[in-house]
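Structure, as structure tokens:
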Amino acid sequence: MTDPTILRDVAAYYGDNLRRFGSTPAGVDWRNAASQATRFDQLLRLVTDKDASVVDFGCGYGALLGHMRARGFSGLYRGIDIVPEMVAAAKAANDGDKLAAFEIGATASDPADFAVASGIFNVRLRHSDAAWHDYVETVIAALDKAGLRGFAFNCLTSYSDTDRMRADLFYADPCFYFDLCKRRYARQVALLHDYGLYEFTMIVRKGS
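All residue numbers for the sequence shown refer to numbering that gives the first Met the number 0, where the first residue is 0 and numbers rise by one.
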């Protein structure tokens, strides 16, 4: 059972970031556009078909959609976010995209071919590792339900340099989450931990 204060605190944190930095990588707590693009590229290894449907958990101001369209993605996209201001910014930035929709929420109202989540597990704020771990497992289960053909997510890695770790961030054990996804969700699971950032991406593919 997820602590109900987690979503409230996270929404307040990212709402404040958006007000301070606007619709930029800093507005969703990324260092810069280059690292943001690198993360997106890892997640999108999941999406094998250009015309597939995608649901994006924690869509922020809609940056992933623009990244996908620039790379030829032509399918349906739905972004969800718990921060109303983020959803408004995403709608404004992608107003002309007739195949895109954005909604306020923590989970998908309808499934898609693929479900992705970028950065939503990183900032735990004042919450304990145990409470945050429960939250992560709950969201992974929601990703599984939302992605009919598979899902992907990223986390900061527990293999980060200890002297650079921050108390307000969550550093996940990649081996634990690989095992969890392998045992609970699918046989085809890829752990990507080789792209130059202190994080990892999990790709879960369903089917044979």
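Glycine included, each C-beta is placed from N, C-alpha and C at the ideal position.
Which residues DSSP lists as bridging residue i, in chain order
i, result
"M201", "F152 and L190"
"L168", "V122"
"F113", "V53 and G149"
"Y213", "No answer is possible for residue 213: it lies beyond the span of the chain, which begins at 0 and ends at 207."
"E256", "Nothing about residue 256 can be read from this structure; the chain reaches only from 0 to 207."
Span separating the alpha-carbon of residue i from that of residue j
i, j, result
"D15", "R123", "15 Å"
"A211", "S108", "With the chain covering only 0 through 207, there is no way to say anything about residue 211."
"F152", "T200", "6 Å"
"W131", "A171", "10 Å"
"A87", "G26", "14 Å"
"Y12", "A116", "18 Å"
"F120", "A51", "25 Å"
"A89", "R183", "33 Å"
"A140", "A32", "29 Å"
Local Cβ density within 10 Å of residue i, reported as buried at 16 or more and exposed below that
i, result
"R77", "buried"
"D162", "exposed"
"M67", "buried"
"D193", "exposed"
"A166", "exposed"
"A111", "buried"
Spatial neighbours of residue i in its chain, beta-carbon cut-off 8 Å, leaving aside the 5 residues before and after
i, result
"N93", "G61, L64, G65, A99 and F101"
"D96", "L64, R68 and Y76"
CB contact flag (residue i, residue j, <8 Å)
i, j, result
"L190", "P173", "yes"
"F150", "V203", "yes"
"V253", "F56", "This structure cannot speak to residue 253, because the chain is shown only from 0 to 207."
"R18", "P24", "no"
"V54", "I79", "yes"
Beta-carbon contacts of residue i that lie in its chain and below 7 Å, excluding the five residues immediately before and after
i, result
"G71", "K49"
"A105", "L6 and I81"
Residues near residue i in its chain [Cβ-Cβ closer than 6 Å; skip 5 each side]
i, result
"P83", "I103"
"Q35", "P24 and W29"
"K205", "R148, G149 and A185"
"D2", "A130"
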